[in-house]
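Oh and the sequence shown: position 102 is 111 in this note's numbering, straight run, nothing missing. All C-beta atoms, glycine included, are put in the ideal place defined by N, C-alpha and C. So the structure is just underneath, and the comments pick up after that.
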Amino acid sequence: MHEVAIAESLLNVAIDNCTKSGHARITGIQVLIGKASGVMPEALLFAFDSMKPDTIAQDAVLEIIEVPLGGHCSSCRRDFEVEERYVLACPHCGGVQYSLVKGRELSISEMEVE
Ligand SMILES: [Zn+2]
10 MHEVAIAESL LNVAIDNCTK SGHARITGIQ VLIGKASGVM PEALLFAFDS
60 MKPDTIAQDA VLEIIEVPLG GHCSSCRRDF EVEERYVLAC PHCGGVQYSL
110 VKGRELSISE MEVE
């Protein structure tokens, strides 16, 4: 499962940052997950919770912020955002020449440590 590997690397990065900053415990981690990243938030949460016992993140609450897909259309030159996990055409003009500017995120945005 894809999410297990992601949860593992999130946990490793978080633990690494926490110990480097001289803290002993992680109490919360907020991650940004783009809707086009292919990561299922529920599966990631489950994987994270099953890995955190016996680490300094054992009490950490993982908060997942889903980032909608957004793009910039080169036909009408407007920015757009969609609720789906994919974009087929610009919602403003139906143009198919656009660039995705967000929605592929997979990163830690905030961490609470003690
Ligand atoms: Zn457009």
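Problem - Backbone CA spacing between Pro50 and Ala69 [nearest angstrom] - result: Ala69 has its alpha-carbon roughly 16 Å from the corresponding atom of Pro50.
Practice task
Leaving out five residues on either side along the sequence, give the residues of the same chain with a beta carbon under 7 Å from the beta carbon of Phe89.
Solution key: Gly79, Gly80, Cys82, Cys99, Pro100, His101.
Handout entry: Helix, strand or coil at Asp165 [DSSP, three-state]
Key = With the chain running from 10 to 123 in the structure shown, residue 165 is simply not present.
Practice task
Please check the pair Lys44 and Glu72, which I expect to be a contact at CB under 8 Å, by giving their CB distance rounded to whole angstroms.
Solution key: With 8 Å as the limit, Lys44 and Glu72 do not qualify as a contact, their Cβ atoms being about 16 Å apart.
Practice task
Answer yes or no: the CB of Gly80 versus the heavy atoms of ligand 1, is any distance below 7 Å?
Solution key: Checking every heavy atom of ligand 1 against the Cβ of Gly80, none is found closer than 7 Å.
Handout entry: Span separating the alpha-carbon of Arg86 from that of Ser108
Key = Straight-line Cα distance between these residues: approximately 11 Å.
Handout entry: Between the CA atoms of Leu41 and Leu19 - distance to the nearest angstrom
Key = For Leu19 and Leu41, the distance between alpha carbons rounds to 11 Å.
Problem - Euclidean distance between Cα positions of Gly104 and Leu97 - result: For Gly104 and Leu97, the distance between alpha carbons rounds to 9 Å.
Practice task
Would you list, in sequence order, the uninterrupted beta strand (DSSP E) runs of no fewer than 3 residues that lie entirely inside the stretch 16-56?
Solution key: If we require 3 residues or more, the beta strand (DSSP E) runs fully inside the stretch 16-56 come out as 35-43.
Problem - Alpha-carbon spacing of Glu114 relative to Asn26, whole angstroms - result: Distance between the alpha carbons of Glu114 and Asn26 is about 19 Å.
Problem - Residues bridged to Gly79 (per DSSP) - result: Looking at the DSSP output, Gly79 sits in a beta bridge with Glu90, Lys111.
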